[in-house]
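Protein chains in written order, with the working numbering: chain V, 6 to 252; chain R, 3 to 418; chain U, 1060 to 1453; chain E, 281 to 568.
The beta-carbon is built from N, C-alpha and C at its ideal position, and this holds for glycine as well.
Step one of this worksheet: look at the structure below.
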Amino acid sequence: MSIITTCLTNAVKKSRIKKVCLVSDFLYQREIVDSLEFDTFHVTRGRPIAFGTGLKLANPELKVIALIGDLITLGGNHFMHAGRRNMDIVVICVNNFIYPKIAGNTTPTTKVPFSQYAPFERPINVPHMAKSSGAVYVARWTTLHNSELTESITQALQKSGFSVIEVMAPGGSYFAGIPSLKNESELLKFYYENSVIKNGEDTRNVEIIPDNKIIVGKFFEQERPTFLDSYNAQLSRVMGDKFKPYV
Amino acid sequence: MRANPKDVFTGAYYIDGDVSSAYGAAAAGCKFIGGYPITPSTEAFEAFVRRAHQVGAISIQMEDELGSIASVIGASWAGKKAMTITSGPGFSLMMENIGLGAMLETPFVVLNIQRGGPSTGLPTLTGQADMMQSRWGSHGDYEIITIAPDSPQEMFDYTVKAFNLSEKYRCPVMIMSDECVGHMTEKVVIPSADKIEVEPRRFYKGDKDKYIPFPVDNLVPPMVKAGDGYKLHLTGLAHDEKGYPLLTQNSKVKTQNANTRRLVDKIRLNVDKIIELKEDGIDDAEIIVVSYGITSRVAIRGIEMARAKGIKVGSLRLVTVWPFPEKKITELANKVKAFVVPEINYGQIVFEVERCAYGKANIVLVPHGGGSVHNPDDIFHAIEYAAKERKNVDGIIEQKTNLYSLIFEKEYKLHG
Amino acid sequence: MKAGTHRLSGNEACAEGAIAAGCRFLGVYPIVPALEVVERFLKRCPEIGATFVQMEDEISVLAAVLGASWTGKKAMTVTSGPGFSLMMEHLGLGVMLETPCVIVDVQRGGPSEGMPNSPSQGDMMQARWGSHGDYEIVALCPNSPQEMFDFTIKAFNLSEKYRIPVVVMADEAVGHMTDNVVIPNKIELVSRKYYKGKKDKYLPFLREPALTGIPSMVDIGNGYKFHVTGLTHDERGYPIMNAECQEFCVRPLMEKIRKNVDEIVEFEEKDTNNAEIVVLSYGITSRVAEKAMDLATKDGIKVGFLRPIVVWPFPEKKVRELSKKIKAFVVPEINYGQIVYEVERCAGGNCNIIFVPSKSGAVHEPEEIVNAIKMGIKEEKREEVIQVKISNQQ
Amino acid sequence: MAKKKKEIHPMESLLRMDRIPHIWCPGCGIGTAVTAFTSALEKLKADLNKVCVISGIGCTGRVAGYVKLDSFHTTHGRPIAFATGIKLGDPELKVVVFSGDGDIIAIGGNHFMHAARRNIDMTVICVNNFIYAMTGGQVAPTTPLTAYTTTSPYGNVEVPSNIPQLAEACGAVYVARWTALHIRRLTNAIVEAMQKPGFSVVEVISSCPQYYSRINKLGDGLDMMKFYHDNSVIRHNEPTENLDIDYQKQIIVGKFIDRERPTYMDSYKKWLEEVKHQIPKSPKIQNT
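Okay, structure coming up:
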């Protein structure tokens, strides 16, 4: 967690963006939020993106970062539609494999058996989902890749549009749900041994499959007008000079 | 403060309640609407969307009501007055985040054009069955303000008032209108901007480092805007005066008490300032008809019929339904024989009247399931009955309506 | 599970109760503090052949539970405040489709995220009024692991009998409390009323008698080809949009509960016969209240005790009857006033109402309640709820 | 005078004739979709008792009320979640979710996504008419860019959802798209989808003469059919990212995805088998 915090703080400094605002849902990110030096909102489970949409539209100067525990459960719909609209939000999806606070239940990104009762659901492929939803920037890193992660967040902040960065991070005492891992350094070692960087990889192929290597990297980048860009463009086209762009 | 002339579409219009409410929102300085289409509230959203660019506002149609209410709370914290528009089923979906709005002490307005329920119910027809939900619908303890307008003109006036109250007390304000008022087309006069009183957002003006979002000694503290460098932190968890969650065993009692208690106290202690009632002939009345929203207009006819018969009837119309005018009802209960409460539901606000009457007066409920307004005859009969009844009856007396007899006592065929 | 005495937490007892009641479908979304129910149920899944699904959010959870109930399985979900708020829309659907199911709400501090690990009784009114439109609901309030077991079974029975979603309003303290739970040899279960007539004559909402009857159900997939809708419908289940149909469809939803109130309502009373003060409490608070009552009795005060076991529908008659005999009701709740308003309403000005709010997130101290009882003896009659100030209130 | 023979609708056995006439406008494509569905049922020769239809809210949401099967008209956006419960409650049933784009993709997007991810065995027939028609023509997540609706009075600014791509990304095993013009192919697609174990999606592009066409001045139902005739291109197995629909441009139709994945019930049963021997017969209980 502290690694993500550092990356985030560094990236915000690096990107030189003044008005930054961070929205997170519950589960574990409280520690991050409290140590950050900009406005932070901790809202209902699954709703940071919807909340961020309101912030962004009401005050377009803001750069909104949505930090999400395991987004694609409750907030999947907001994710999908914010991507479609290309809402100017940076989504950092912290993938703990399982909910850190709530042990013993499967979440959509559950990968490995964490108890004798194996989760039998297929994990969701976050990068592919992001790309299919229309994101303009898609990357995945583990907490091991901190310099790459910082770079990625900086790039995403400087980009306008819906950017998604998935971060594989250890969650509390349940290290990635792998019973054999005892502490954080073992987990990092696990990441070191089990991850492979493949920039530009087709997001279809980056699904996390048990016993396969975790593919990390910057997968995808594109340019696309954001919601407000197209709003202003369309209304100016229809109404001509009468319309004052909303900024 | 007066309204901004740019936001006010001054003039006389022939519009329906939904549209009128949208213009009211614009006049009050609303700059953000997050909505989702639902019959019968869509006209309000559409009207605002058409006019949004004229007042420098923006609107977005979110993917669902969960999203629309979350975006509204976000927009409010970005410094804009914000509103969402919905009806019963959407309102039910919003319940979780209305709790968040209350917890973060966020000013925003929810316009609920009620329809027949429960569930999908009667999308195109009227109902008043969400009244208790507006007060109790989210989990945990909080207080809100609810206003029930009864005409398109009032939809304008009270939308402005709703924004003012929500800014003043930093709480969600619900406008609980109904399909009948929403789709009723009448003359609406929008006055010039200098005649409209608007409560501006109270922003914190002091030192940036010294800003405390939830000071214990201030019931309604000033707000700041996100992105202005106050390093604000807000959470839906129980929080201390800085807004940080405090969940450890020792401190939690204190924080929750201070900050949850305030959610309740800021309304309860200001009840007299918030409540607005409209009275008619209650000074020497024996019977008082308590009504709200569209029902109060139907009740007028019932009251006239009773007065023609020489019964002394007064009318008490609840403009603000929540907080409930407890004192007024208790005071009246000591003077009158009975309260007659017509509602387009099977008993909601009548329980509140019963509670506050303290057994001093009889309570007659005139229920009506929804789908249409009352038959004034039913209200008249209830008044007539209440005037005759000499005993003090425990509990609520339910008036048997014409519709009840029609459906359950006669051989009525619903379908061919 | 074998009959006998077991040591179980409230949540585990709840899961066992559900299994004993024949629940074979559990839909959940993980939320503190209701997790242990899920874990226990999941553990027993392979053995009993039940279906378990963890959905993407609480909205879909209740939808799935309603769906499962129509296939003939007894279905349940467990949640806490925030999840319960999300379920409100489908609570209405459940009422409208008259679908039997059980919702266990292990209440935590609110509003919003509030305090996930603290007990609260802040969702009581929400259970009754949380969904839009008019409906009646049945809600039970257990105060011990044993009752978590018993009441879960009772909830299934009531829900099958009256074809209505039944809510078990537990709280974090009861859920996490570990105690002896006696599992009896024989458990009485109410089974669903099935339609037995001709397939093409089946009408899903036909009532006998017309107003208060409970329509009989069929399982999906047996060729009845019925249609049900959340819209206002007639006895065939087809939507008709007018006031007459609304009266026909919605009034019985209320009347089937209101007219059967005496059968449904259940409460526990102690020493109320010649009491001056009656402490009315439910759930975890009632355990503290009992202690307070003992303390006050020692001081020579005549105190009675009334505990609604079924909180909704509210035991209106009993409260009204008592109010005429006593000086005051003392109502402690872990919230800022919910059920106390119901007591105030039913007391009808016959006696004083003293409300003991709690420092949210904590159970009352017995002394607070004792003080309130003493106050009840002294206080003159007033026409408002008298609120007790708690010591460390800021 | 010759006695007039009572006309029997060919689909009478599958429709609730006591509810006809239906509520759909003349020229609307939903009726066609229903016919395709009922023909598919006849073709399938499935046990009709074991088929149930779940709909949400909206014009297409009314389908459940007209087909003579066990049918549920649920809340807005939740038919997939409701159907999940039914399918898991009784795995023998064939579950069909028949609803509109606003219902399934907008408010119900999350359920769509997760049911596909879990690969719950159901068939989703999503009628896409580019607009919220029941509420009077608001912008939908499928409304093409620049199209007019009542809540986009100056033209839509949101990029529309690409339903097949979404379905594929989430894990659907069968994805096809046809317009209301391609009746035969649509019927076959529904047959295939219903035979396929797992989450199958059939998108039906449908005309909405009352709102979408009227607001955008695109003519009546017939004009829309002509448009589909001239502008739809059949391209099977087209990569789903190319399937965006632009305003009044070419519509690519066809069968795009047909793959195998274990369904939820398969994995669940497998898991039950796996853990059955791992657990003690009765969980640890401390007897006192």
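Margin query: What does the alpha-carbon distance come out to for the pair E66 (chain V) and F110 (chain R)?
Written below: Locating residue 66 (chain V) in the first sequence gives position 61, counting from the first residue. Locating residue 110 (chain R) in the second sequence gives position 108, counting from the first residue. Cα to Cα, E66 (chain V) sits roughly 21 Å from F110 (chain R).
Notebook entry, point to check: Between L1290 (chain U) and H289 (chain E), is the Cβ-Cβ spacing less than 8 Å?
Noted result: If you number the third sequence from 1, residue 1290 (chain U) lands on position 231. If you number the fourth sequence from 1, residue 289 (chain E) lands on position 9. Result no, Cβ atoms of L1290 (chain U) and H289 (chain E) do not sit closer than 8 Å.
Check: Does the beta-carbon of Y412 (chain E) have 16 or more other beta-carbons within 10 angstroms, so that it is buried, or is it exposed?
Finding: Within the fourth sequence, residue 412 (chain E) is the residue found at index 132, counting from 1. Y412 (chain E) is buried by the Cβ-count criterion.
Note to self: Output needed for H1423 (chain U): all residues of its chain with C-beta closer than 6 Å, excluding positions within five of it in sequence on either side, in chain order.
What the structure shows: Indexing the third sequence from 1 puts residue 1423 (chain U) at position 364. Cβ within range, chain order: V1347, P1391, S1417.
Margin query: Whole angstroms are fine: how far does the CA of A72 (chain R) sit from the CA of M85 (chain R)?
Written below: What you label residue 85 (chain R) is simply residue 83 of the second sequence in a count that begins at 1. What you label residue 72 (chain R) is simply residue 70 of the second sequence in a count that begins at 1. Going from the Cα of M85 (chain R) to the Cα of A72 (chain R) covers about 11 Å.
Next item on the list: Taking all protein chains shown into account, decide if V1241 (chain U) is buried (16 or more other Cβ within 10 angstroms of its Cβ) or exposed.
Entry: Your numbering for residue 1241 (chain U) matches position 182 in the third sequence. With fewer than 16 other Cβ atoms within 10 Å, it is exposed.
Margin query: When you compare the stretch 1188–1200 of chain U with the stretch 111–122 of chain R, are there three or more beta-carbon pairs, one atom per stretch, that lie closer than 8 Å?
Written below: yes
Notebook entry, point to check: From this set, R:L234, R:C173, R:E188, R:T187, which residue's C-alpha is nearest L221 (chain R)'s C-alpha?
Noted result: Along the second sequence, one-based indexing puts residue 221 (chain R) at 219. If we check each option's Cα against that of L221 (chain R), R:C173 comes out closest.
Next item on the list: Hey, could you find the ends of the beta strand (DSSP E) Q1446 (chain U) is sitting in?
Entry: Counted from its first residue, the third sequence places residue 1446 (chain U) at position 387. Residues 1444–1446.
Next item on the list: Closer than 6 Å by C-beta to E1157 (chain U): which residues in its own chain qualify, once you throw out the five before and the five after it? Chain order, please.
Entry: Numbered from 1 along the third sequence, position 98 holds the residue referred to as residue 1157 (chain U). If we look at E1157 (chain U) and ignore the five residues flanking it on each side, its Cβ neighbours are R1222.
Notebook entry, point to check: Under a CB-based cut-off of 8 Å, is S1171 (chain U) close to chain V?
Noted result: Residue 1171 (chain U) sits at position 112 when you count from the first residue of the third sequence. Answer yes: the Cβ-Cβ gap between S1171 (chain U) and chain V drops below 8 Å somewhere.
Notebook entry, point to check: Which class does D383 (chain E) belong to by DSSP, given the choice of helix, strand or coil?
Noted result: Mapped onto the fourth sequence, residue 383 (chain E) falls at position 103. Helix at D383 (chain E).
Checklist line | C-alpha gap between C1410 (chain U) and Y1253 (chain U), whole angstroms | finding: The count along the third sequence starts at 1 and reaches residue 1410 (chain U) at position 351. The count along the third sequence starts at 1 and reaches residue 1253 (chain U) at position 194. Their Cα atoms are separated by approximately 47 Å.
Notebook entry, point to check: So which residues on chain R does Q418 (chain E) lean against when the C-beta distance must stay under 7 Å?
Noted result: Within the fourth sequence, residue 418 (chain E) is the residue found at index 138, counting from 1. Residues of chain R passing the Cβ test: P39, T44, Q63.
Notebook entry, point to check: Expressed to the nearest angstrom, what Euclidean distance is found between the alpha-carbon atoms of V375 (chain E) and M474 (chain E)?
Noted result: On the fourth sequence, residue 375 (chain E) is found 95 positions in, with the first residue counted as 1. On the fourth sequence, residue 474 (chain E) is found 194 positions in, with the first residue counted as 1. If you take the alpha carbons of V375 (chain E) and M474 (chain E), they lie about 9 Å apart.
Check: Touching or not, the stretch 1115–1130 of chain U and the stretch 364–380 of chain E, by the rule of three or more beta carbon pairs under 8 Å?
Finding: yes
Next item on the list: Examine chain E for any beta-carbon lying closer than 8 Å to the beta-carbon of S121 (chain R), and answer yes or no.
Entry: Numbered from 1 along the second sequence, position 119 holds the residue referred to as residue 121 (chain R). Yes, S121 (chain R) counts as interfacial toward chain E.
Notebook entry, point to check: For G37 (chain R) versus G59 (chain V), is the C-beta spacing smaller than 8 Å?
Noted result: Your numbering for residue 37 (chain R) matches position 35 in the second sequence. Your numbering for residue 59 (chain V) matches position 54 in the first sequence. Taking 8 Å as the Cβ cut-off, G37 (chain R) and G59 (chain V) do not qualify as a contacting pair.
Next item on the list: Keeping to the same chain, check which residues put their C-beta closer than 7 Å to that of K1383 (chain U); ignore five residues upstream and five downstream.
Entry: Locating residue 1383 (chain U) in the third sequence gives position 324, where the first residue counts as 1. Counting only Cβ-Cβ distances below 7 Å, and skipping sequence neighbours, we find N1409.
Checklist line | Under 7 Å from the C-beta of H1191 (chain U): neighbouring residues of chain R | finding: As a first step, residue 1191 (chain U) is located in the third sequence; it is residue number 132 there, counting from the start. What H1191 (chain U) touches in chain R: G90, P91, F93, S94, G119, P120, A131, D132, Q135.
Next item on the list: Sort U:T1237, U:V1320, U:E1172 by Cα distance to T1064 (chain U) and report the nearest one.
Entry: Here residue 1064 (chain U) refers to the residue found at position 5 when the third sequence is read from its first residue. Of the candidates U:T1237, U:V1320, U:E1172, the one whose C-alpha sits nearest the C-alpha of T1064 (chain U) is U:T1237.
Checklist line | Contact under 8 Å by Cβ, M244 (chain V) with Y527 (chain E) | finding: As a working note, residue 244 (chain V) is residue 239 in the first sequence. As a working note, residue 527 (chain E) is residue 247 in the fourth sequence. No; because the gap between Cβ atoms is not below 8 Å, this pair is not in contact.
Margin query: By the three-class DSSP mapping on this structure, what secondary structure does N364 (chain R) have?
Written below: Looking up residue 364 (chain R) in the second sequence gives position 362. Strand at N364 (chain R).
Next item on the list: Use the C-beta contact count for Q530 (chain E): other C-beta atoms within 10 angstroms, 16 or more gives buried, fewer gives exposed.
Entry: For this step, residue 530 (chain E) is matched to residue 250 along the fourth sequence. Its Cβ having fewer than 16 others within 10 Å, Q530 (chain E) is exposed.
Notebook entry, point to check: Pick from V:V221, V:A135, V:F46, V:F167: whose alpha carbon is nearest that of L154 (chain V)?
Noted result: For the purposes of this step, residue 154 (chain V) is taken as residue 149 along the first sequence, with counting starting at 1. Out of V:V221, V:A135, V:F46, V:F167, V:V221 has the C-alpha closest to the C-alpha of L154 (chain V).
Note to self: Taking only three categories from DSSP, how would you classify P325 (chain R)?
What the structure shows: By 1-based counting over the second sequence, the position of residue 325 (chain R) is 323. P325 (chain R): coil per DSSP, three-state reduction.
Margin query: Suppose you measure from the CA of S480 (chain E) to the CA of A456 (chain E); what does that come to, to the nearest Å?
Written below: In the fourth sequence, the residue the question calls residue 480 (chain E) occupies position 200. In the fourth sequence, the residue the question calls residue 456 (chain E) occupies position 176. Approximately 9 Å between the Cα atoms of the pair.
Check: Which parts of the stretch 11–73 of chain R are runs of the alpha helix (DSSP H), unbroken and 4 residues or longer, counting only runs that do not cross its ends?
Finding: 19–29, 44–53
Check: Using the beta-carbon count (16 or more within 10 Å), is G229 (chain R) buried or exposed?
Finding: Position 227 of the second sequence, counted from the first residue, corresponds to residue 229 (chain R). The residue in question, G229 (chain R), is buried, as its Cβ has 16 or more Cβ neighbours within 10 Å.
Next item on the list: Show which residues of chain E have a CB atom less than 7 Å away from the CB atom of R89 (chain V).
Entry: As a working mapping, residue 89 (chain V) is identified with position 84 in the first sequence. Within chain E, the residues near R89 (chain V) are P421, E438, V439, S441.
Next item on the list: Determine, using beta carbons only, whether F11 (chain R) comes closer than 8 Å to chain E.
Entry: Against the second sequence, residue 11 (chain R) aligns to sequence position 9. By this cut-off, F11 (chain R) is not an interface position.
Margin query: What does the alpha-carbon distance come out to for the pair A71 (chain V) and K24 (chain V)?
Written below: Start at 1 with the first residue of the first sequence, and residue 71 (chain V) comes out as number 66. Start at 1 with the first residue of the first sequence, and residue 24 (chain V) comes out as number 19. C-alpha separation (whole angstroms): 14 Å.
Check: How about G101 (chain R) and P1170 (chain U): are their beta carbons less than 8 Å apart?
Finding: On the second sequence, position 99 is the one that residue 101 (chain R) refers to. On the third sequence, position 111 is the one that residue 1170 (chain U) refers to. Yes. Within cutoff.
Checklist line | K314 (chain R) versus D396 (chain R) - alpha carbon distance | finding: Mapped onto the second sequence, residue 314 (chain R) falls at position 312. Mapped onto the second sequence, residue 396 (chain R) falls at position 394. Looking at the two C-alpha atoms, the distance is approximately 23 Å.
Item checked: Contacting residues, own chain, Cβ-Cβ under 7 Å from S43 (chain R) (five flanking each side not counted) -> As a working note, residue 43 (chain R) is residue 41 in the second sequence. Cβ neighbours of S43 (chain R) beyond the five flanking positions: D20, I87, T88, S89, L113, I115, G184.
Checklist line | Simplified DSSP state of E1009 (chain U), which is helix, strand or coil | finding: Because chain U in this structure spans residues 1060 to 1453, residue 1009 (chain U) falls outside the shown range and cannot be described.
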